[in-house]
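Enquirer: Each residue of the sequence shown is one higher than the last, beginning at 1 in full-length UniProt numbering.
We put the CB at the ideal spot given by N, CA and C, even for glycine.
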Amino acid sequence: MENEGSRIDLSETYHPLSSAKATEGAKQLRPQARAYAPRPSIHFQPTVSIEKAEEVQAQDKLPNNGSRWLPWSDWSECVNGEKIRYRSCIPNANMNCVGMKIEKQPCSVAEPVEIPFASDPWAIEREITLEGIERPSEA
1 MENEGSRIDL SETYHPLSSA KATEGAKQLR PQARAYAPRP SIHFQPTVSI EKAEEVQAQD
61 KLPNNGSRWL PWSDWSECVN GEKIRYRSCI PNANMNCVGM KIEKQPCSVA EPVEIPFASD
121 PWAIEREITL EGIERPSEA
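1) Using DSSP bridges, identify the partner residues of N92.
2) Does R87 come out as helix, strand or coil in the three-state DSSP assignment?
3) Measuring CB to CB, does Y86 end up less than 8 Å from S67?
4) Go to I102, then tell me how far its beta strand (DSSP E) extends in each direction, as first and last residue.
5) For a test of the three-state rule: what should DSSP assign to F44, helix, strand or coil?
6) In angstroms, rounded to a whole number, what distance separates the CA positions of L130 and P121?
7) Out of N96, W75, G81, K83, point me to the one whose CA is closest to W69's CA.
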């Protein structure tokens with residue numbers, strides 16, 4: 001079963017033991033090269049579906065008409081389960097840029113949780129020990 005949105009990179013790192021010193025009559029060995037762990041991959045959430053990505057790749061193969069996109073804006077706040085970012089086009093000879101000017105991504109906002117607390121923090125302790133609680137009189 002594949003868990004979408006998760007990625008685990010396993011890597012090995014070589015840590016040599018303390019440096020050995022040659023003694024008389026023994027062959028001197030050259031130290032082995034150290035192995036370094038690869039730089040961890042950055043996990044990201046795709047912003048478009050595979051179909052849209054293929055469409056964007058196809059658009060990238062279109063001839064460049066000299067128009068160019070400005071950098072993407074920052075993502076908007078999450079509203080109605082969606083966040084949006086924009087980019088502007090600088091046209092060349094009234095030729096528009098190729099590609100999307102708006103990008104949308106699903107998102108979610110955690111609902112604030114109100115945690116009730118007692119105005120008197122010792123009230124529960126008094127209830128447990130029955131301290132300060134009036135008991136009904138026995139008849």
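Expert: Straight from the coordinates:
1) M95
2) coil
3) no
4) 102-106
5) With a pLDDT of 47 at F44, under the threshold of 50, the predicted position of this residue should be treated as unreliable, and no value is reported.
6) 15 Å
7) N96
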